[in-house]
Every structure is written in C-alpha cells, then in structure tokens.
Amino acid sequence: MARLLFALTLAAAVADECPLEGCEEAGLMQLQGKKENVVHEADQDRPRRDRRDSRYESYHHYKQYSYGPSPPTRQSTTSEPADPSTTTATPAPPPPLKCEDAEPQAPRNVSCGFVGEKKARVKPLDSDSVIKFIQCNLHFHLGAEHLSAGEYDLDSPPPGTEKASTVTPGKFCSVCDIPPVQLEPYEFEYCKNVSVGNTYEFHWVFSTGAPLVGLRDDGEEGQLGITDGLGGALNRTNNPKVIVRGQACRIINNASLDTEAKIEADYADFLTQWRTPPAGQGVRYMGSTTGDAFNDEVCSPIEVNWHMDTKCCTLSAQAFDRTCKAMYDEGLRDDLKPKGSRAPVSAANSAKVVFPLSEPTCSN
Ligand SMILES: *[C@@H]1O[C@H](CO)[C@@H](O)[C@H](O)[C@H]1NC(C)=O
Ligand SMILES: *[C@@H]1O[C@H](CO)[C@@H](O)[C@H](O)[C@H]1NC(C)=O
Ligand SMILES: *[C@@H]1O[C@H](CO)[C@@H](O)[C@H](O)[C@H]1NC(C)=O
Ligand SMILES: *[C@@H]1O[C@H](CO)[C@@H](O)[C@H](O)[C@H]1NC(C)=O
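Numbering (mature numbering (1 follows the signal peptide of the UniProt record, and there is no 0)), first residue to last: -15 to -1, 1 to 349.
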C-alpha cells in the first residue's frame, strides 16, 4: 500500500508539472518534438549516416563503459530478426570514443572559478527532477573522483591510513582536524576493501529507465530495485536520462555509536539519501559516466546530469557499514567495494558552465 501511495504521489507530481517548467531543456525538447524535421534538415547537408553506428550501438555496450559488471540490457534479451551474416556472434564492441568527439565529461574540477571549454547542448537537470527519477544504484569510488580545491584535493590519504584497496585512487579530504581516536581502525562487516581515514566518493544513480520494482507490489516491502553496476539505468528504456548525486566523504570511527539504534539514526537512510548540501554548496553540470577506464583521450559516450556536493562530508564507519548492509540486502555484491577513480578531466573536456544546485555559489 505504501508503495502504491508513493507511485500515485509520483504520478501526481508529474501530472501537476507546469508545462513551461523544465524548459531549461528547451533544446532537447524541441529536438524530440520535431525529430523528423531535424533529421530531414540534417540530411540535406550531409550524406545520410548509418543510424546503427558505434555511438548508437554503444548503448548496448553500456557494460563496457560502466565501472563494473551490469545486468543484461534490453538488447541482450531481444532476438533480432535472423540475418545469416550477423547471427554468428555478439557484435564487436565499438571503437573507443576519442575525447575530441565526445560531449562534456566527468569528473571535473568543481572549484569555484574553474571554467571549462566544452559547450554543453542542454542545461543539467536540477534538484527538483530527482524526485521524479528512480534510483537504480549506489556505489563508491576510492578517493574523490571530482576535485574541489581546499576540500577534496589531496593526492593521498593521511599517513598511516590502512591501504585496503589496490584500485586507482582519486583525491582525498584532510583529516587534520579529526582526533586520533576517531581514526582508529574499524572492522567492517559488509563493506569490502575500505578503511577509516580514507575518502570515498558516493554516487547515487537515478534514471528514467530504472526498474519499477520498488514502486510496484511485486517487490519485497521496502525493496528499491537497485542492482550492481549501471545496467539498471537501462532497464526499461535504451536512452534514459540519468542524474547522479555525488558526495565525497572521509570516514571516521565514532565509538559512541555503540547501539543499533544510534547507528541506524546516524545512517539516516544513506542508501537513498545523500547528506543534503546546504544552499550554495552543491553544483550541477553536464558530464558523463566516470571510472578509471576513461581519461582525457578515451572518453565516455554516456551523458550524465551531475549533482555534486563541493565540500567534504564526514561519515562514520558505522554508518558506512550499515549502508553496505542495506546494499547487500538489496542484492548488491560487486558494489560493496570501492571502484577506481577517473582523474578530473581537463578544461577542454569540461562543460563551460557549472550551475548552482540551488543558490548561486560563485559567478563562473
Ligand atoms: C529489469 O529489472 C527487473 C527487476 O530488477 C529484472 O527482473 C529484469 O530482468 C530487468 N530487465 C532487464 C531487461 O534488464
Ligand atoms: C581547479 O580549479 C581551481 C579554480 O580555478 C584552480 O585554482 C585549481 O588549480 C584547479 N585544480 C586543478 C588540479 O586543476
Ligand atoms: C580486497 O581485500 C582483499 C583481502 O584483504 C585482497 O585480497 C584484495 O586484493 C583486495 N582487492 C582490491 C581490489 O584491492
Ligand atoms: C558520534 O556519534 C554521536 C551519536 O550519534 C554524535 O552525537 C556525534 O556527533 C558523533 N561524532 C562525530 C565526530 O561525528
């Protein structure tokens, strides 16, 4: 019943929407509304392109562009009409996307004053859009993938921090203000290859194409329908819009969290809720998927609306492990350990404009 109510609320929220709102995406809406015209005009100027070229195909190779294993996409469960010349094997992966051909990338330098050089074609979706989207995943990277000067910008974790993972690290938050007792090791039960003192960048992935499990009565009570990897973003549509909320947190050991109730309160549903940044602290920008398979030469062909907290958050090891338990209970396994980080992309690969998530942060 609760799920049904939630679904109805969601439907009402969508129906109530003023048609003029969300016209930030005017360019895209226009394109969708007049698709045939656009194609027609384009075709007058240029030779017709094969619609099944690598960029289109690449959606079906989403797994390759994500940081880890994904469930099968729609493509793999659909049987195409038999064509003797092509039925022999799975299609070859598309060639890597050269950054000069790519749309703006992520992670970027989110410091005030950093200006990108690549023009985004649409404005990033804002905070209000998130409630209409469906979460399909939560994962975390070792270190921050993004860079924020004076916050998450250190090249290595604090000296003495246990090295629990061998994946490519990102940037780290300082723990100079943390008393040593809060940097004591913690025995994680559910999270793998993580340790106190380190920084992890958490990514809550929301998609228009995520499974409806949590919104329907066929799921277990409280089940979200989130899965390992990014494949869930493509569960019901091949060209979803994706919003990722990102937050870089340093991990402390809070020994005063000595009861389940205190841990539960401190955890505060981190599985689905980030620590909402205060007004002026969050930014949004057009970028891409991340992960250490990409750099400033090989870029990601998947667009993402990024919402990023520009400051370091502090997360207790107890709440972190409680989060991993919640992920485990949802069926996640691979995402219980950190992913490698992609280095912040160059200005040439960053979108020109960064928008405030809510209030203006700076006059970029
Ligand atoms: C979509 O998600 C549901 C629920 O997780 C799953 O059972 C189904 O196999 C998924 N379908 C595809 C095509 O990935
Ligand atoms: C990030 O941007 C800030 C502001 O422009 C700049 O001071 C800083 O040097 C940049 N960091 C890197 C690593 O490019
Ligand atoms: C994770 O930890 C295990 C056990 O300590 C270790 O064998 C493994 O190499 C680690 N994995 C990574 C990716 O660092
Ligand atoms: C540790 O947990 C207690 C109990 O929830 C809380 O009051 C305190 O602020 C926490 N300490 C830190 C450093 O986060």
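For each residue, glycine too, the CB sits at the ideal point set by N, CA and C.
#1: Residues around ligand 2, please: the condition is that the C-beta lies closer than 6 Å to some non-hydrogen atom of it.
#2: Kindly indicate which three-state DSSP category residue 226 falls into: helix, strand or coil?
#3: Which residues neighbour ligand 4 when neighbourhood means a C-beta less than 7 Å away from any of its non-hydrogen atoms? List them by chain order.
#4: Bridge partners for residue 293 per DSSP, in chain order?
#5: Please tell me whether residue 129 has its Cβ less than 8 Å away from any Cβ of chain D.
#6: Quick one: residues with CB closer than 5 Å to any heavy atom of ligand 3, in chain order, please.
#7: Could you tell me which of 284, 283, 302, 178 sits nearest to residue 324, measuring between CA atoms?
#8: Would you give the residue range spanned by the beta strand (DSSP E) that residue 301 belongs to?
#9: Below 8 Å on the Cβ atoms is my contact criterion, and I expect residue 181 with residue 302 to pass it. Report the Cβ-Cβ distance as a whole number of Å.
#10: Are the CB atoms of residue 327 and residue 272 nearer to each other than 8 Å?
#11: Find out if the Cβ-Cβ distance for the pair residue 304, residue 248 is shorter than 8 Å.
#12: So residue 270 packs on residue 308, CB below 8 Å; how close in whole Å?
#13: For residue 88, count neighbouring C-beta atoms within 10 Å of its own C-beta (all shown protein chains included) and say buried if the count is 16 or more, exposed if not.
#14: Spatial neighbours of residue 64 within its chain, please: C-beta separation below 7 Å, excluding the five flanking residues on both sides.
#15: Classify residue 232: buried if its beta carbon has 16 or more other beta carbons within 10 angstroms, exposed otherwise.
#16: How would you label residue 150, buried or exposed, when you count the other beta carbons within 10 angstroms and need 16 or more for buried?
#17: Could you check which residue in 238, 286, 279 has the C-alpha nearest to that of residue 306?
#18: Closest to residue 354 by C-alpha separation, out of 186, 218, 167, would be which residue?
#19: Mind checking whether residue 112 and residue 343 have CB atoms under 8 Å apart?
#20: Going by beta carbon distance, what residues of the same chain come within less than 7 Å of residue 193, once the five residues before and after it are set aside?
#21: For residue 199, which option in 267, 191, 210, 190 has the closest C-alpha, if you only look at C-alpha atoms?
#22: Measure the alpha-carbon distance for residue 189 versus residue 318 and round it to whole angstroms.
#23: Thinking C-alpha only, which one of 284, 230, 168, 279 is nearest residue 240?
#24: If residue 284 sits next to residue 132, beta carbons under 8 Å apart, how far is it from one beta carbon to the other, in whole angstroms?
#25: Relative to ligand 1, is the shortest distance from any of its heavy atoms to the C-beta of residue 207 smaller than 7 Å?
So, from the listed chains and residues:
#1: 94, 96, 98, 99, 132, 134
#2: Counted from its first residue, the sequence shown places residue 226 at position 241. Residue 226: coil per DSSP, three-state reduction.
#3: 167, 237, 239, 241, 242, 247, 250, 251, 299, 301
#4: Indexing the sequence shown from 1 puts residue 293 at position 308. Bridge partners of residue 293: 231, 268.
#5: Structure shown: chain D not included; a single protein chain is present.
#6: 150, 151, 178
#7: Counting from 1 along the sequence shown, the entry for residue 324 is found at position 339. The residue from 284, 283, 302, 178 with its alpha-carbon nearest to that of residue 324 is 178.
#8: The residue you call residue 301 lines up with position 316 of the sequence shown. Note, residue 301: beta strand (DSSP E), 298 to 301.
#9: By one-based count along the sequence shown, residue 181 stands at place 196. By one-based count along the sequence shown, residue 302 stands at place 317. Right, their Cβ atoms sit about 5 Å apart.
#10: Position 342 of the sequence shown, counted from the start, is the residue given in the question as residue 327. Position 287 of the sequence shown, counted from the start, is the residue given in the question as residue 272. Not a contact, by the Cβ cut-off of 8 Å.
#11: Here residue 304 is taken as the residue at index 319 of the sequence shown, counted from 1. Here residue 248 is taken as the residue at index 263 of the sequence shown, counted from 1. It is a contact, given that the beta carbons lie within the stated cut-off.
#12: Position 285 of the sequence shown holds residue 270. Position 323 of the sequence shown holds residue 308. Residue 270 to residue 308, Cβ: 26 Å. No contact.
#13: Taking the first residue of the sequence shown as position 1, residue 88 is located at position 103. Residue 88 sits buried, since 16 or more C-beta atoms from the chains shown fall within 10 Å of its C-beta.
#14: Mapped onto the sequence shown, residue 64 falls at position 79. In this predicted model, residue 64 has a pLDDT of only 43, less than 50, meaning its place in the structure is not dependable enough to derive any value.
#15: On the sequence shown, position 247 is the one that residue 232 refers to. So residue 232 ends up on the buried side.
#16: Locating residue 150 in the sequence shown gives position 165, where the first residue counts as 1. With 16 or more other Cβ atoms within 10 Å, it is buried.
#17: Within the sequence shown, the letter at position 321 stands for residue 306. Nearest to residue 306 by C-alpha distance, out of 238, 286, 279, is 238.
#18: For residue 354 there is no data in the structure shown, the boundaries of the chain being -15 and 349.
#19: Residue 112 sits at position 127 when you count from the first residue of the sequence shown. Residue 343 sits at position 358 when you count from the first residue of the sequence shown. Contact flag set, yes.
#20: As a working mapping, residue 193 is identified with position 208 in the sequence shown. Around residue 193: 118, 222, 225, 226.
#21: The count along the sequence shown starts at 1 and reaches residue 199 at position 214. For the residues 267, 191, 210, 190, the minimum Cα distance to residue 199 belongs to 210.
#22: Locating residue 189 in the sequence shown gives position 204, counting from the first residue. Locating residue 318 in the sequence shown gives position 333, counting from the first residue. Using only the alpha carbons, I get a separation of about 16 Å.
#23: Position 255 of the sequence shown holds residue 240. Minimum Cα distance to residue 240 is reached at 168.
#24: Locating residue 284 in the sequence shown gives position 299, where the first residue counts as 1. Locating residue 132 in the sequence shown gives position 147, where the first residue counts as 1. Not quite, the Cβ-Cβ distance comes to about 18 Å (not below 8 Å), so this is no contact.
#25: Numbered from 1 along the sequence shown, position 222 holds the residue referred to as residue 207. No, Cβ of residue 207 sits at least 7 Å from all heavy atoms of ligand 1.
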